[in-house]
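Numbering (our numbering), first residue to last: 4 to 87. Yeah, the Cβ is synthetic: ideal placement off N, Cα and C, and Gly gets one too. Below is one structure, written out as structure tokens; comments come after it.
Right, dumping it as structure tokens:
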């Protein structure tokens, strides 16, 4: 399996930026509809290598939606707390 990795990466590196950007857009759409609990797809691909980071940052369509997850806050009474 390890011997396939460099070959697979060279195929991805040979793709034109326009095609790679479209793949990133489709990945972002899939992320938006299916797995918003995970790290945003544009940030994920931007962490792969410098080329992908520059390409993802330069593709505005990846950043047209912002998802802000809400944290669930649980209040726990502290020492000396009295209700009422």
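Whole-angstrom distance between residue j and residue i, CA atom to CA atom
i	j	result
residue 67	residue 16	25 Å
residue 24	residue 62	7 Å
residue 4	residue 65	Summary for residue 4: the model assigns pLDDT 41, below 50, so the residue's position carries little reliability; its value from the coordinates is reported in the next sentence. C-alpha separation (whole angstroms): 31 Å.
residue 38	residue 22	23 Å
residue 31	residue 41	12 Å
residue 13	residue 36	30 Å
Among the options, the one whose alpha carbon lies nearest that of residue i
i	options	result
residue 19	64, 33, 52 and 58	58
residue 44	21, 34 and 13	34
Sequence-distant residues of its chain with Cβ nearer than 6 Å to residue i (five each side left out)
i	result
residue 48	27, 55 and 59
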